[in-house]
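2 protein chains.
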Amino acid sequence: MGIVRKTKSVKILHDEFEKSLAAISVTTLIERFSAQMNKTTIYRVLDKFEDDGYLHSFLGKNGHKWYAKCNGCSSSNHSDAHPHFQCSNCGKVDCLPADVVIPKIPNRIVDVSQVLLQGKCEQCYS
Amino acid sequence: MGIVRKTKSVKILHDEFEKSLAAISVTTLIERFSAQMNKTTIYRVLDKFEDDGYLHSFLGKNGHKWYAKCNGCSSSNHSDAHPHFQCSNCGKVDCLPADVVIPKIPNRIVDVSQVLLQGKCEQCYS
DNA sequence: TTTTGTTTTGCACTCCAGTTGCATTATTTT
DNA sequence: AAAATAATGCAACTGGAGTGCAAAACAAAA
Ligand SMILES: [Mn+2]
Ligand SMILES: [Mn+2]
Ligand SMILES: [Zn+2]
Ligand SMILES: [Zn+2]
């Protein structure tokens with residue numbers, strides 16, 4: 001499974017994620033590339049990028065979908081259990097290299113943890 | 001601001017949250033009380049309950065809204081910075097009394113943290 | 001390079017959580 | 001009881017996300 005053909009859409013989206021490490025929301029991509037491709041194509045290409053282990057996805061503060069580059073993932077091995085940070089001032093979203101500290105919960109098994117931090121980013125931090 | 005009038009809808013929803021400490025999703029409430037009130041009313045009453053510091057809200061794993069009782073909050077003073085736990089087996093969602101451990105991020109100010117843990121709850125933990 | 005088989009795309013639709021405007025109804029105040 | 005105000009129901013709308021299918025693009029074979 002995964003990307004097979006190097007189409008125009010695939011190249012454009014791939015280039016966009018290579019430009020920077022920041023996460024990008026789906027709605028941003030749809031708006032940004034509305035002249036180049038259909039939103040359905042964007043959803044489908046992102047889906048495949050995730051299958052391939054090239055991108056991972058998560059939900060921002062409104063429950064909307066964001067994508068960011070993986071770090072050493074493959075189609076068979078995803079490990080993206082890191083926190084994400086959304087700046088309340090400029091809206092930028094980043095992956096944080098920090099470890100997630102899972103609190104000890106008696107009689108429960110924790111499999112997945114989603115952590116979204118909000119505040120001021122490096123640029124907006126005065 | 002907040003709830004002023006004791007209407008039938010307000011009483012029904014209040015009673016529902018008094019029954020148990022577990023969180024309830026908006027869609028569950030809409031389905032459960034479809035015979036008693038309109039979904040718009042449910043959204044509006046929950047909104048006010050949150051304003052009043054009686055309930056707090058958060059997003060579940062699909063980005064859909066959940067509500068749960070606050071613990072000592074008021075309209076002027078909300079402090080609901082605890083993690084939430086969603087059971088992947090039975091779907092139940094709870095507030096966790098544990099503290100959120102915010103990782104140290106250089107040059108960033110963290111104001112809010114959303115933590116959603118997923119796994120097996122007490123009942124589903126074999 | 002042309003033909004062939006397969007994948008990808010665009011389009012028009014559907015779905016669903018959540019929201020809004022407005023007329024009607026319920027509650028509170030006088 | 002009447003007046004003032006707040007809550008409700010309804011229907012329509014919004015916006016993110018997903019689908020089915022015919023047309024277009026691509027890769028590989030001829
Ligand atoms: Mn990330
Ligand atoms: Mn909670
Ligand atoms: Zn910023
Ligand atoms: Zn469970």
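For the record, the sequence lines run as chains A and B. According to full-length UniProt numbering, the stretch in the first sequence is residues 1 to 126, in order. According to full-length UniProt numbering, the stretch in the second sequence is residues 1 to 126, in order. Beta carbons are placed, not taken as given, at the ideal position from N, Cα and C, and that holds for glycine.
- In the pairwise beta carbon analysis, the stretch 76-94 of chain B is classified as touching the stretch 102-122 of chain B: at least three pairs are separated by under 8 Å.
- Under the three-state reduction of DSSP, K61 (chain B) is assigned to coil, being neither helix nor strand.
- Straight across, the Cα-Cα distance linking T41 (chain B) with G60 (chain A) is about 27 Å.
- Of all alpha-carbon atoms in A:C70, A:Y125, A:D52, the one lying nearest the alpha-carbon of A23 (chain A) is that of A:C70.
- At least one heavy atom of ligand 3 sits closer than 7 Å to the Cβ of N89 (chain A).
- The straight-line gap separating the alpha-carbon atoms of S9 (chain B) and K6 (chain A) is approximately 56 Å.
- Residue environment: H56 (chain A) is assigned as buried (16 or more neighbouring CB atoms within 10 Å of its CB, all protein chains considered).
- Restricted to the stretch 27-113 of chain A, the beta strand (DSSP E) segments that are unbroken, complete and at least 3 residues in length are 55-59, 65-69, 84-87, 93-95, listed in chain order.
- Among the CB atoms of chain A, one or more fall inside 8 Å of the CB of Q114 (chain B).
- Going by beta carbons, F85 (chain B) and I105 (chain A) fall inside the 8 Å limit.
- By the rule of a C-beta closer than 7 Å to any heavy atom of ligand 2, the residues picked out are B:A23, B:H56, B:F58, B:A68, B:D80, B:H82, B:H84, B:C95.
- K120 (chain A) carries a strand assignment under DSSP once its states are collapsed to helix, strand and coil.
- Flagged as an interface residue toward chain A: R108 (chain B), by a C-beta distance shorter than 8 Å.
- Using a Cβ-Cβ cut-off of 8 Å, V93 (chain B) is close to nothing in chain A; its nearest Cβ partner there is about 12 Å away.
- In the DSSP assignment, L13 (chain A) falls within the alpha helix (DSSP H) that extends over 8-19.
- Taking a Cβ-Cβ threshold of 9 Å, none of the residues of chain A is close to S34 (chain B); the smallest such distance is about 23 Å.
- Taking C-beta atoms as the reference points, D51 (chain A) and S76 (chain A) fail to come closer than 8 Å.
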